[in-house]
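Working notes, structure below.
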Amino acid sequence: MNKKKGDKGFESPRPFKLTHQVLCINNINFQKKSLIGYVELTIFPYLASLNKIRLNCKQCLIYRVRVNDYEAAFIYNDPTLEVCHHETKQRNLAFFSSAYAAAVQAVEADSGNGELCIKIPSELREHVEELRGLKVHIEFWLDQPKGGLQFVVPELEESMAERAAHVFSYGHQNASRFWFPCIDSYSELCTWKMEFTVDASMVAVSNGDLTETIYTSDMRHISSQVTHFCLPHLLPLLKHTTTFLHEIFEFYEEILTCRYPFSCYKTVFVDEAYTDASSYASMSIFSTSLLHGSSIVDQTPITRKRTAKALAQQFFGCFISRISWTDDWVLKGISGYIYGLWMKKTFGSNEYNFWIKKWLTRVTDFELQNSGILLHPTFPSGKDKESPTPHLHFSTRYPHTLPCEYYKLYQAKAHLVLRLIENRISMEFLLQVFNKLLSLANTASSQRYQSHMWSQMLLSTAGFLKSISIVSGKDIQPLIRQWVEQSGVVKFFGTFVFNRKRNILELELKQDCFSQGTQKYVGPLTVTVQELDGSFNHNLQIEENSTRHEIPCHSKSRRNKKKKIPLMNGEEVDMDLSAMDSDSPLLWIRVDPGMTLLRRISFEQPDFMWQYQLRYERSVAAQLEAIRALERYPTPASRLALTDILEHEQCFYRVRLEATQCLAKVANAMVNTWSGPPAMKSLFTRMFCCKSCANIIKTNNFSNFQGYFLQKNVPIAMAKQRDAHGLCPKEVLTFILDLIKYNDNRKNKFSDNYYRAALIEALANTITPAVAASNESRTVEGLHPDAKLVLEEITRFLNMEKLLPCYRHTVTASCLRAVRVLQKNGHIPSEPGLFQAYAQYGIFIDVRLAALHALVDYTRVDTSSEILQWLLHLVQNDPVSFVRHKILTMLIEEPPLFRKSESTLCTEALVDQLWKLINSGTAHDSRLRCDAVDLYHALFGLGRPACLPLPELGLVVNLKEKKTVLNPTIKPEAGAAVSENASSSAGGKQSLVSEGANGKEPGSGTSASQGTKRKADSPPAEVTGTEGVTGRQDDDNNEESGKVKVRIRDDEEVDINMEHDTLASPKTGLEDYPSTQGSKPVVAGPESPTTQAARSARASPRNDHHHEHRKKKKKHRHKHKHKRRHDGRDSLPFLGSPASARSFNSLSTSD
């Protein structure tokens, strides 16, 4: 709409330009969990006809708005507070998703919309016509925020500073609107000035440069370049955790050949964090759970990875931002790419390849199960718009409608696509592109007073591709069309035959292009063949769904000749070739070894080839593929190959850990032919136990980290072994108990808390289902001896943890999981009381999550409605947002009931509870709302839940058979499902507050606490008033039967006898009165003229007279139909607003 010179195609959706914003927080009250402040926005109109300014604001109570010192009227409308107003019929996600997308569209900043609409005073009309600047001053108050701002106030007797009370902002995507009025868009760049007034014992940390700290004596303090903040008593952990940060800075600046873009960097560690790490301009907020000391092994790599990823996002994501949501994949891909380069340099190529393999598997699994991840969705214009992702139960048009799991995989796929681009243009050119983007952005950021240059700090997909074309001279549009502009992965099936006469390999590759989440691939594909004379790469061209390729072999069979075999990395090794085919020189075959495609490959080759690949292939991805393949071949040769890998100290430790799990499965499959001691016991005793006594473990020494991880995981895998009777061998249980008994960590400089937690997990893995009479009561005295030993150890560990807690309470969490295993297998009574006690607020987060997971499992196994309600109560009321998110995630992963299943949990009350949760209960946390939508989808699917009674008017008319049948599910009404690109106008249901006029707000079920804005001259001490009465006016006493006309086609209608229902019309809401200096806002709820008109229209005979007629001519019916539409528009003017999620023509029936 509005282009500025130098914007290079960027169009602002607003008729004005924001150039500067001041945010001032005057008072922060920790006791009441509230804050008071004001914002001042400097804007310049683009249009002389500008008369309204739309801003984003949620939760805040606005009591004064001024534009250039003139009092201004404002309107507040937030349709996301209650997406589907008074909805009782449409209980399906298809209806909700369209309505939610329309609600988000109505307040989306990138579309020029907002919750707050300010009317420019008439005194400034000439000022606007001259396109002169305006200053919008908004005073606001935030009390008991439900999202966006987290107050952490421990309940102690000390002062706030001694209690480590703190408050921090958080949010999913752009969520600044939750705690102050703003234009909540990544693309609206401006300069900022932030002022915070805090107690002298506290510190304020924010984005940007700390210019001054003003004390009573007017002293000033300039911040240093890199600063770290943590809560009291955690300083030693903070110092150790952040010692390596300078190395990450140096690496990023070296590969990007560009200095860190901001003048300072702050890391803040907070309690009750929204996520482990959140990146903001020049600062990152981390969870205190990431802090660790020098004695902790397991947490160290996790913390370093989180910190490095957050720092990568400072370059791409914070400094360089996106133009629109559809360009987000570029920033996430680039930051993930440079973070991967750091990981490769710090942890090695094996760790990097393992990470790529893990996320490639997760992305392909999700795409094949859920029909794909679309990185750059395009939304066609026009009335009949189709969603680019119709297979999903949510909209991909806005970031606030994306589930958390989908967004994680979205970011992972973006990084994988950047790897494909690297393979296409080379790493050197790709890094040059990054350097060019940063250089242009740095130049633009230095032009503080030339806002038209700031567009260089915004990145779009087209701009990124143009930079690639300029730097490399290559066109990657086909790659972008394949992997970015459409979803799906490639699915290959491969087989081969060796032709001895011609000495060629006949390879057949088939593509599955028709299954869910797949796409056809046409292009090059690399196949690596390991032969006796070396490893050879072959580039094949894939053009059809099924292709056959003849690959010449470079060597002939020489089975009896003694000669070392060269590998791909140049290493030469001796191999025992007795297992291979004497006529074939092939050792193993790999398809796409470099993981250059987003693909899933199922390749068939004999077991001995997988064994060779596991032993001698040096690629981590190849070894992992071989391990998973050998699970299908439980033979002595597979057992020997897996054992050799475990004993090979030069093998990557993650491969060895995977081999332990595979060996346990192979041992269980070979239980009848297995000879010797249990699998892995001999290996463990040889590596970690005393030579004089095999059951006594050596004193702990974790200085060899690979040995430590193996020592920790081998007992877990051993405990999964079963004998011919399905029981854990007694020898294994005794061995694990001895490991616990003789564990000695006195001379070890590293903590053994994770090792002890692993031993408890191993004890839990030995548990098998109890065999008891159905009427026998379960008591401790009647326990099986093995289960009794396990229970005693768990109890001892739990008691010790209360006296001497370990780091992050890992032992307690492992004990809770083990207790749940005993309950599930029938050894102890299945009771939730223990887990409920450990799940209470105030317990450490890891322990709470372990207890909550046990309760979720209890709900699923025992179908407990009481515990399910207890969990849902936590989802609605727990103070920690992350805990609420994890509860819903657990319920999604382990749903307590299944679709179309007859479960006692599937009730109408549960459906109503979950519907209210997604409709209005999670309005202040979009991540939580998306979680609730996912849970609803996991339990009931896209359609109407089967447990609900049949809706009225739920009929299907078959014209050919001339009969009507009941419809088990009700579909969205024509016009009731709002399009994703609905009009951005606020429609009805608004609150207008201005001096000298009363504002009306229809009662939409939202009270003042839900974000209603009132005008006042001073922040109110407390707000009192009556809540607006809302709801349907159902005539329960009306038992007269009428006729409803069901429209089948444009020219046909069928009369069906049904009970008459009245139209739903909104009642009045809160009425605001202009306040005087020092007065409190008055809240009242009289009936508005709009409601009176609606009520009179509803009671008028002319609205219902068509029910009195039996059968009319089509022409008369059409005339009557159009007349009724016009009547509905006159009587219900607000029925078609985006907030109501209804059209003018949609009928609403009562229960």
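Counting in my numbering, the sequence shown runs from 77 upward without gaps.
Even glycine gets a Cβ: it sits at the ideal position worked out from N, Cα and C.
Straight-line CA distance for residue i to residue j?
i      : j      : result
Leu964 : Asp441 : 21 Å
Tyr474 : Arg438 : 23 Å
Leu733 : Glu807 : 22 Å
Thr537 : Asn645 : 37 Å
Ser543 : Glu504 : 14 Å
Gln135 : Leu225 : 11 Å
Ser545 : Trp418 : 26 Å
Gly610 : Ile721 : 22 Å
Val274 : Arg382 : 30 Å
Phe760 : Val649 : 27 Å
Cys133 : Gln249 : 15 Å
Ile501 : Lys550 : 7 Å
Lys878 : Ala889 : 12 Å
Glu701 : Thr842 : 28 Å
Val887 : Glu869 : 12 Å
Lys774 : Ala795 : 20 Å
Lys93  : Ser527 : 9 Å
Taking DSSP as the reference, what is the three-state secondary structure of residue i?
i      : result
Tyr474 : coil
Cys480 : helix
Leu94  : strand
Lys632 : coil
Lys757 : helix
Met763 : helix
Tyr114 : strand
Thr810 : helix
Lys315 : helix
Met270 : strand
Gly599 : strand
Val573 : strand
Ser548 : helix
Gln916 : coil
Would you kindly check if the distance between the Cβ of residue j and the Cβ of residue i is under 8 Å?
i       : j       : result
Leu859  : Leu835  : no
Ser972  : Thr998  : According to the sequence displayed, residue 972 carries Pro and not Ser. Result no, Cβ atoms of Pro972 and Thr998 do not sit closer than 8 Å.
Thr267  : His304  : no
Lys211  : Glu116  : yes
Gly570  : Asn446  : no
Asn499  : Thr672  : yes
Lys930  : Arg924  : The sequence as given places Ala at residue 930; Lys does not occur at that position. Cβ distance not < 8 Å, so Ala930 and Arg924 don't count as in contact.
Leu1024 : Glu984  : yes
Leu993  : Gln952  : yes
Pro377  : Phe325  : no
Gln687  : Ala717  : yes
Ala490  : Trp405  : yes
Gln989  : Leu948  : yes
Cys480  : Cys1006 : yes
Which whole-angstrom value describes the C-beta separation of residue i and residue j, a residue pair presumed to lie in contact below a C-beta threshold of 8 Å?
i      : j      : result
Tyr917 : Asp954 : 6 Å
Ile432 : Tyr486 : That belief does not hold up - the Cβ atoms of Ile432 and Tyr486 are roughly 17 Å apart, past 8 Å.
Arg398 : Leu534 : 7 Å
Asn518 : Pro337 : 6 Å
Leu583 : Cys629 : No, Leu583 and Cys629 are not in contact; Cβ-Cβ is about 12 Å, not under 8 Å.
Which residues does DSSP pair with residue i in a beta bridge?
i      : result
Glu258 : The sequence as given places Cys at residue 258; Glu does not occur at that position. In DSSP, Cys258 forms a bridge with Asn132.
Asp799 : For Asp799, which the question treats as bridged, DSSP gives no partner whatsoever.
Ile138 : Phe216
Arg943 : The sequence as given places Ile at residue 943; Arg does not occur at that position. Ile943 pairs with nothing; no bridge assigned.
Ala353 : Phe362
Gln617 : Pro600
Cys100 : Tyr114 and Glu271
Trp664 : Gln606
Does the beta carbon of residue i come closer than 8 Å to any beta carbon on chain C?
i      : result
Gln526 : Looking for chain C here will not work: only one protein chain is present.
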